[in-house]
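Quick notes on the structure that follows.
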Amino acid sequence: MIDLHTHSTASDGTDTPSQLVNKALARCITVLGLMDHDTVAGWDEAIAHLRPGLSLVLGSEISAQTSDGISVHMLGMLFNRENSALLEALAKTRESRFGRMEKIISRLNEVGVEISIEEVLAQLSDGATLGRPHLADAMVAKKIVKSRDEAFETYLSNGSKFYVAHYAPTPEDAIRLIKEAGGVAVIAHPLASLRGRIVSIDSFKSMVDAGLDGIEVSHRDQTPDAQELLAKIVKQYGIIATGSSDYHGTGKLNELAEFTTKPEDFEKLEARANARRVVRK
Ligand code: AMP
Ligand code: ZN
Ligand code: FE
Ligand code: FE
39 MIDLHTHSTA SDGTDTPSQL VNKALARCIT VLGLMDHDTV AGWDEAIAHL RPGLSLVLGS
99 EISAQTSDGI SVHMLGMLFN RENSALLEAL AKTRESRFGR MEKIISRLNE VGVEISIEEV
159 LAQLSDGATL GRPHLADAMV AKKIVKSRDE AFETYLSNGS KFYVAHYAPT PEDAIRLIKE
219 AGGVAVIAHP LASLRGRIVS IDSFKSMVDA GLDGIEVSHR DQTPDAQELL AKIVKQYGII
279 ATGSSDYHGT GKLNELAEFT TKPEDFEKLE ARANARRVVR K
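Each residue of the sequence shown is one higher than the one before, starting from 39 at the first, in the working numbering.
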């Protein structure tokens, strides 16, 4: 079983990279993708705990934004971690997440929701990418809400009046950065309409022109109709379909390997990277 999109405590997942590797082995996953938001911070720990039977696809889910403000998540897989242009872009996004968090917090404070940046940072592992889920966790710790889900439904969704964006490259720039670093670019859950505004079908063309390698078709946040449409787009452009769990530990309902990628599709995807970078022991 191949699950190419999971998160650890290096961003907003709740399992450490080593726990994630252990769970993947226990679930008989053969290929695991570690895709923490805007960081490669979890890679070394995952490699250190790798055992025979499991292969690692290391990467990052890059937060991007279109010129008209639509949030897009671009999975960068199997890129060269020495590529400074990509690493600098990730660092710029991570840094801008702090000021953005302060703005969200002050909007919440204005309506009487008492939460501080210190309480949010207390939820964050050392060196991890800060995100709204950590704010949600701080709200759970203060009993303002019962779960991350409730925090998002009540206060934190993309459409809420408390929402503030952070710096992010355009999807095309994210793709170019990934490709120039020798990796493969797969757009994550592009039709996850419950999360907020989604990209138009027309916009896939410019992403393919920029080098898009694949589309995450099978994902719990996309309806069967949306998945069918995406499968057609994959065929139309001759790119690759993936499926994945987007597992976040206890932070979300998503279970490891609840959606998977076909071995033949994974082989095609891996072949599009400029070097063999799947990690095996
Ligand atoms: P951010 O990166 O700060 O914009 O936050 C986005 C992250 O919030 C995504 O990675 C999602 O996994 C997470 N998220 C979005 N909606 C929910 C939800 N309803 N419950 C838990 N996590 C969510
Ligand atoms: Zn996440
Ligand atoms: Fe995502
Ligand atoms: Fe994700």
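All residues carry an ideal CB built from backbone N, CA and C; glycine is no exception.
Are residue i and residue j closer than 8 Å when you measure CB to CB?
i	j	result
residue 54	residue 47	yes
residue 227	residue 284	yes
residue 102	residue 209	yes
residue 27	residue 98	Past the edges of the chain, shown from 39 to 319, lies residue 27, and the structure says nothing about it.
residue 279	residue 252	yes
residue 289	residue 138	no
residue 81	residue 63	no
residue 77	residue 192	no
residue 195	residue 234	yes
residue 93	residue 317	yes
residue 131	residue 248	no
residue 108	residue 236	yes
residue 222	residue 307	yes
residue 177	residue 153	yes
residue 52	residue 286	yes
Can you tell me whether residue i is buried or exposed? The criterion is at least 16 other CB atoms within 10 Å of its CB, across all chains shown.
i	result
residue 50	buried
residue 265	buried
residue 171	buried
residue 147	exposed
residue 310	buried
residue 217	buried
residue 239	exposed
residue 164	exposed
residue 106	exposed
Measure the alpha-carbon distance for residue i versus residue j and round it to whole angstroms.
i	j	result
residue 155	residue 162	11 Å
residue 25	residue 275	The structure shown has nothing for residue 25, since the chain only spans 39 to 319.
residue 314	residue 71	15 Å
residue 179	residue 241	40 Å
residue 250	residue 150	44 Å
residue 259	residue 201	20 Å
residue 299	residue 41	6 Å
residue 91	residue 69	9 Å
residue 295	residue 124	28 Å
residue 157	residue 243	43 Å
residue 89	residue 59	9 Å
residue 312	residue 220	5 Å
Who are residue i's beta bridge partners in DSSP?
i	result
residue 99	75 and 113
residue 41	70
residue 317	94
(request) Output the residue ranges of the beta strand (DSSP E) runs that lie fully inside the segment 223 to 254 and measure 3 residues or longer, sorted by chain position. (result) none
(request) Run through the segment 246 to 310 for me and flag every whole alpha helix (DSSP H) of 4 or more residues, listed as ranges in chain order. (result) Counting whole runs of 4 or more residues, the segment 246 to 310 contains the alpha helix (DSSP H) stretches 262 to 275 and 301 to 309.
(request) Could you name each continuous beta strand (DSSP E) segment of 3 residues or more that falls completely within the segment 155 to 228, going from the start of the chain to the end? (result) 222 to 226
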